[in-house]
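Residue numbers (our numbering), protein chains in the order written: chain P, 170 to 450; chain Z, 743 to 948; chain G, 3 to 491.
Ideal Cβ placement from N, Cα and C applies to all residues, glycine included.
Notes for the one structure printed next.
Here it is, written out as structure tokens:
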């Protein structure tokens with residue numbers, strides 16, 4: 170998976186940069202494909218045909234990776250750079266905060282910031298309630314949405330205890346014309362009337378790169394992790410042995426009582442109680 | 743003064759063995775390259791389930807006087823290239839006790855490779871003193887791991903909710919019930935219409 | 003109740019006794035066919051035009067929404083479910099009420115039901131179709147609706163919603179069609195040989211040689227009993243599964259065991275009120291006061307208030323269970339004292355207390371009073387559905403402010419179009435079918451044998467020509483009919 174140097178993400182960056190400079194330079198898919206060996210990850214997984222998503226989940230190579238994330242709340246300063254990086258990469262509207270930063274109150278009334286991506290649950294409620302199997306889970310442990318199949322019933326939004334799903338209520342932001350169709354891993358452009366959410370930037374991860382939010386975090390609070398290789402890395406280049414890091418720092422998952430088995434861990438340090446189901450007052 | 747002394751030791755450090763062994767057919771793991779001053783690294787036939795990294799420090803490594811009361815520690819690392827990082831992750835650590843001044847010391851850690859391909863390992867010999875712990879020598883070795891024995895719990899890859907089996911039967915049961923309802927509805931319709939139609943015809947023709 | 007039943011029956015008997023049987027049948031048939039007169043009145047045209055315009059506006063709004071996304075209907079990520087799902091629940095609930103009211107009255111042999119069942123069943127059919135249609139504006143991608151069948155996920159409550167609604171709709175159609183067979187035969191006979199093709203199909207083909215023989219009646223009644231028995235659990239299942247679309251999530255305010263009966267009772271409650279409204283409308287429009295009396299309204303009013311009290315009790319049980327421990331009080335505060343409080347208290351006062359008072363006082367316990375109460379019941383139960391949907395949807399599950407939903411012209415227009423579609427479709431439907439089940443009315447009037455009825459039908463044909471304006475020829479007297487006629491004389 171790591172052979173293809175120009176993947177969809179990089180490609181979008183190229184196109185995006187060109188747009189920003191005012192010279193829209195189109196690269197056709199044909200030209201792109203002729204100079205690159207067929208990259209894994211997105212070819213044949215276009216979100217258009219119905220069965221592709223399921224087949225992708227089944228035919229992906231045996232899981233070399235089990236993606237995870239660690240968010241170190243001790244160093245998060247709530248700058249929302251992660252949100253901005255994510256929205257830029259996925260051409261999201263301002264409201265579509267696939268990784269959102271919540272201001273939380275701790276047990277003695279102080280506030281702290283808590284980024285919340287999709288938890289990539291092992292027992293995802295959103296997956297179970299989707300009437301058309303548009304939400305699926307890859308064998309790398311990532312929950313993705315096939316926007317080519319989604320009927321827009323928003324049952325998943327009702328079921329998600331983390332408010333991690335965002336709908337495309339309107340046409341959204343302008344995006345450069347794409348030679349490659351959107352995929353569940355890289356759902357750009359977003360499709361009107363379908364639901365979207367954090368993809369863990371699984372294309373990046375498979376290419377050996379950090380996710381957009383982790384790379385965009387100036388504090389190094391977000392670690393991309395791989396439970397299979399037991400590695401975690403943040404934007405500062407700190408490499409951790411995932412399991413030990415989690416153990417040593419008393420990592421917790423969010424809303425454990427929901428039995429969702431999240432793959433996102435939080436490192437506390439503010440006396441928080443993350444397991445609180447209902448913060449509503 | 744102390745530092746200089748340790749540098750001297752570094753020169754004489756002899757890592758006689760960094761042995762890796764893999765389960766069953768995984769013995770094909772081969773040392774691709776090794777670096778470090780005057781180190782020899784070798785592979786042994788596999789016996790254990792995990793990769794076993796062992797090193798032997800010759801007695802020449804150890805100082806004869808200054809650190810006779812101190813002890814040594816061997817730290818093992820693997821280099822991670824995932825996420826474009828170039829970090830070393832510690833995979834184990836052992837205390838190296840020096841039995842006597844004339845004997846070699848050995849150290850061994852077991853490690854389960856988590857992926858195949860070239861993996862770079864590093865061993866550091868650290869002298870534990872009252873003040874600073876000092877690295878007195880290190881060596882890196884690249885192994886081409888051919889088999890990745892580390893698995894991942896299938897239950898976590900394909901998580902199944904409790905009562906999934908029961909749920910399957912429930913679905914079948916409800917679908918059967920649903921089919922029966924449809925059959926009933928249409929047979930009632932057909933029965934009624936048929937009766938009415940037939941009887942009407944008979945009466946009209948009578 | 004028993005006393006009242008007897009009274010009504012004796013009333014009807016009085017009518018029958020004081021007039022000749024023939025007159026009763028004539029009157030029933032004439033009244034039943036008032037809606038089918040050739041040229042509908044001016045009022046009918048004005049009403050149908052206005053309603054049609056509202057529906058057209060709704061379709062335009064929907065096209066606009068398709069183009070600009072659901073944001074144009076006021077939706078946002080915190081108010082992801084709102085008015086359309088409340089519409090779906092309301093319309094299908096109303097349908098359920100119509101069907102079950104009719105089925106229960108049929109099964110328990112309440113003869114006073116006779117002039118109401120056709121209207122109730124037609125309303126049930128029309129509203130379930132409208133309710134089902136409201137799934138389309140609710141969906142973000144209605145064009146992919148069939149994915150539910152192509153890629154079904156059996157663990158999704160929405161799949162079962164779809165199956166339940168589909169099954170229930172088919173059952174409603176059969177339930178509507180079966181009692182229609184005798185009426186189709188009557189109309190067919192009246193029209194004689196000069197039938198247009200559609201008339202031939204609608205009245206002759208679909209009435210399947212109905213003559214009203216004992217055997218035919220028996221078959222029809224047996225079928226109707228089975229379908230009546232079937233439609234009750236089907237309707238219960240529809241509303242239970244609809245409620246599970248909410249209750250099977252982990253949201254405070256939705257994840258509650260009380261939800262299935264809560265929804266079922268709400269449906270029955272609003273459905274009974276809707277039956278009152280439809281009956282009142284057609285009674286007024288076609289001057290059916292002779293057959294549909296105050297007593298019918300009072301009966302329905304009692305039924306409605308009884309269901310309303312059960313619903314009030316369930317509402318209280320819901321709030322007290324969720325609120326007592328303080329684990330999930332956020333949405334309750336918001337509902338009872340917060341921004342949803344006006345809507346909630348509107349439901350309590352207009353949707354619960356008002357009908358109770360209307361039925362309690364003799365002065366208001368009449369057709370007008372109960373119709374007014376029903377209007378409030380239907381509206382306030384729609385509001386109540388919004389109060390069920392919105393607080394739980396817009397509550398912050400992690401931290402931060404409450405979300406909010408704002409009505410837009412799109413969502414209002416589409417909802418109004420659904421409301422307008424009920425009378426619109428009913429008015430058009432009753433241009434082609436009689437307002438009552440003539441056969442049931444005859445039975446309720448305790449008319450005698452088949453022969454008589456057939457004879458009446460012949461006599462009627464001539465009389466009806468005056469009223470209906472339909473081209474009428476006397477039905478061909480078959481041997482048996484002639485024989486029975488002579489016998490009768």
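Compare the C-alpha of residue 312 of chain P against each of P:377, P:333, P:284 and name the closest.
For the purposes of this step, residue 312 of chain P is taken as the residue at position 143 of the first chain. When each option's Cα is compared against that of residue 312 of chain P, the closest is P:333.
Taking the runs of the beta strand (DSSP E) that are 3 residues or longer, which of them lie wholly in the region 305–352 of chain P?
312–314, 334–336
For the region 132–146 of chain G, list every residue whose C-beta sits within 8 angstroms of some C-beta in chain P, in sequence order.
140, 141, 142, 143, 144, 146
Does residue 823 of chain Z come within less than 9 angstroms of chain P when only Cβ atoms are used?
By 1-based counting over the second chain, the position of residue 823 of chain Z is 81. Answer yes: the Cβ-Cβ gap between residue 823 of chain Z and chain P drops below 9 angstroms somewhere.
Please identify, using Cβ separations under 7 angstroms, the residues of the region 163–192 of chain G that lie next to chain Z, in order along the chain.
165, 169, 172, 173, 176, 180, 183
Would you mind telling me which residues of chain G sit closer than 7 angstroms to residue 513 of chain P, beta carbon to beta carbon, in chain order?
In the structure as shown, chain P starts at 170 and stops at 450, and residue 513 of chain P therefore has no counterpart that could be examined.
So within the region 273–332 of chain G, which uninterrupted alpha helix (DSSP H) runs reach at least 4 residues, ignoring any that extend past its ends?
296–326
According to DSSP, residue 272 of chain P sits in a beta bridge with which residue or residues?
Here residue 272 of chain P refers to the residue found at position 103 of the first chain. Partner(s): P:282.
For a contact meaning CB atoms closer than 9 angstroms, what does residue 328 of chain P contact in chain G?
Taking the first residue of the first chain as position 1, residue 328 of chain P is located at position 159. Result: 250, 251, 252, 253.
Is it true that the CB of residue 254 of chain P sits closer than 9 angstroms to the CB of residue 393 of chain P?
Counting from one through the first chain, the residue named residue 393 of chain P turns up at place 224. Counting from one through the first chain, the residue named residue 254 of chain P turns up at place 85. No, the Cβ-Cβ distance between residue 393 of chain P and residue 254 of chain P is not below 9 angstroms.
So, does the CB of residue 270 of chain P fall closer than 9 angstroms to a CB anywhere in chain Z?
Looking up residue 270 of chain P in the first chain gives position 101. No - not a single Cβ of chain Z is within 9 angstroms of the one on residue 270 of chain P.
So is residue 43 of chain G buried or exposed if we call it buried at 16+ other beta carbons inside 10 Å?
Here the question's residue 43 of chain G lines up with position 41 in the third chain. It counts as exposed.
For residue 264 of chain G, count the other beta carbons within 10 Å of its own beta carbon; 16 or more makes it buried, fewer makes it exposed. Which is it?
Numbered from 1 along the third chain, position 262 holds the residue referred to as residue 264 of chain G. With 16 or more other Cβ atoms within 10 Å, it is buried.
Spatial neighbours of residue 371 of chain P within its chain, please: C-beta separation below 6 angstroms, excluding the five flanking residues on both sides.
As a position in the first chain, residue 371 of chain P is number 202, starting the count at 1. Excluding residues within five positions, the ones whose Cβ falls inside 6 angstroms are 311, 354.
Give, in chain order, every residue of the region 899–918 of chain Z whose Cβ lies closer than 8 angstroms to some Cβ of chain P.
899, 900, 901, 903
Nearest by alpha-carbon distance to residue 291 of chain P: which of Z:876, Z:897, Z:936 is it?
To locate residue 291 of chain P, count along the first chain from 1; it is residue 122. Cα-wise, what sits closest to residue 291 of chain P is Z:897.
Quick check on residue 186 of chain G: does DSSP put it in helix, strand or coil?
Here residue 186 of chain G is taken as the residue at index 184 of the third chain, counted from 1. If DSSP states are grouped into helix, strand and coil, residue 186 of chain G belongs with the helices.
For residue 375 of chain P, report the span of its beta strand (DSSP E) as first-last.
For the purposes of this step, residue 375 of chain P is taken as residue 206 along the first chain, with counting starting at 1. That residue, residue 375 of chain P, is in no beta strand (DSSP E); its alpha helix (DSSP H) goes 371–375.
Helix, strand or coil for residue 488 of chain G? Go by DSSP, reduced to three states.
Translated into the one-based positions of the third chain, residue 488 of chain G becomes position 486. Here residue 488 of chain G scores only 36 on pLDDT, less than 50, and its place in the model should not be relied on; the value that follows carries that caveat. Looking at residue 488 of chain G - three-state DSSP - the assignment turns out to be helix.
Within 10 Å of its beta-carbon, does residue 200 of chain G have 16 or more other beta-carbons around it, so buried, or fewer, so exposed?
Counting from one through the third chain, the residue named residue 200 of chain G turns up at place 198. Label assigned to residue 200 of chain G: exposed.
Answer with yes or no whether the minimum CB distance from residue 925 of chain Z to chain G is below 9 angstroms.
Here residue 925 of chain Z is taken as the residue at index 183 of the second chain, counted from 1. Judged by the 9 angstroms Cβ criterion, residue 925 of chain Z is not in contact with chain G.
Residues in the region 403–427 of chain P with C-beta within 7 angstroms of chain G's C-beta atoms, listed in sequence order?
427
With a threshold of 16 other CB atoms inside 10 Å of the CB of residue 111 of chain G, please say whether the residue is buried or exposed.
In the third chain, the residue the question calls residue 111 of chain G occupies position 109. So residue 111 of chain G ends up on the exposed side.
Find the residues of chain P that neighbour residue 691 of chain Z, judging by a C-beta separation of less than 9 angstroms, and give them in chain order.
The structure shown does not extend to residue 691 of chain Z, since chain Z spans only 743 to 948, so no value can be given for it.
My output table needs one value for residue 389 of chain P: the three-state DSSP class, helix, strand or coil.
The sequence position of residue 389 of chain P within the first chain is 220, counting from 1. Coil, per DSSP.
If we define contact as Cβ-Cβ less than 9 angstroms, is residue 816 of chain Z a contact residue for chain P?
Numbered from its first residue, the second chain carries residue 816 of chain Z at position 74. No, because no Cβ of chain P sits closer than 9 angstroms to the Cβ of residue 816 of chain Z.
Please report the distance separating the alpha-carbon of residue 145 of chain G from that of residue 307 of chain P.
Counted from its first residue, the third chain places residue 145 of chain G at position 143. Counted from its first residue, the first chain places residue 307 of chain P at position 138. The C-alpha of residue 145 of chain G lies about 27 angstroms from the C-alpha of residue 307 of chain P.
Could you tell me which chain G residues have their CB closer than 8 angstroms to the CB of residue 338 of chain P, listed as they occur along the chain?
For the purposes of this step, residue 338 of chain P is identified with residue 169 of the first chain, where counting begins at 1. 71, 72, 73, 77, 78, 79, listed in chain order.
Does residue 856 of chain Z come within less than 9 angstroms of chain P when only Cβ atoms are used?
Numbered from its first residue, the second chain carries residue 856 of chain Z at position 114. Interface residue, yes.
Work out the CA separation of residue 296 of chain G and residue 327 of chain P for me, nearest whole Å.
Sequence index remark: in the first chain, residue 327 of chain P carries index 158 (1-based). Sequence index remark: in the third chain, residue 296 of chain G carries index 294 (1-based). Looking at the two C-alpha atoms, the distance is approximately 45 angstroms.
Going by Cα to Cα distance, which pick from Z:932, Z:906, Z:923, Z:875 is closest to residue 813 of chain Z?
Working through the second chain from its first residue, we reach residue 813 of chain Z at position 71. Ranking Z:932, Z:906, Z:923, Z:875 by Cα distance to residue 813 of chain Z puts Z:875 first.
Alpha carbon to alpha carbon, how far is residue 333 of chain G from residue 394 of chain G?
In the third chain, counting from the first residue as 1, residue 333 of chain G sits at position 331. In the third chain, counting from the first residue as 1, residue 394 of chain G sits at position 392. Their backbone Cα atoms lie some 6 angstroms apart in a straight line.
Indicate whether residue 492 of chain G and residue 378 of chain G have their beta-carbon atoms separated by less than 9 angstroms.
This structure leaves residue 492 of chain G out entirely; chain G is present only between 3 and 491.
Taking CB distances under 9 angstroms as the criterion, tell me whether residue 894 of chain Z reaches chain P.
Here residue 894 of chain Z is taken as the residue at index 152 of the second chain, counted from 1. Interface residue, yes.
Tell me where the beta strand (DSSP E) around residue 868 of chain Z begins and ends.
Counting from 1 along the second chain, the entry for residue 868 of chain Z is found at position 126. Where residue 868 of chain Z is concerned, the enclosing beta strand (DSSP E) stretches over 859–870.
Taking only the alpha-carbon atoms, compute the straight-line gap between residue 99 of chain G and residue 427 of chain G and give it to the nearest angstrom.
For the purposes of this step, residue 99 of chain G is taken as the residue at position 97 of the third chain. For the purposes of this step, residue 427 of chain G is taken as the residue at position 425 of the third chain. For the pair residue 99 of chain G and residue 427 of chain G, the Cα-to-Cα distance works out to about 18 angstroms.
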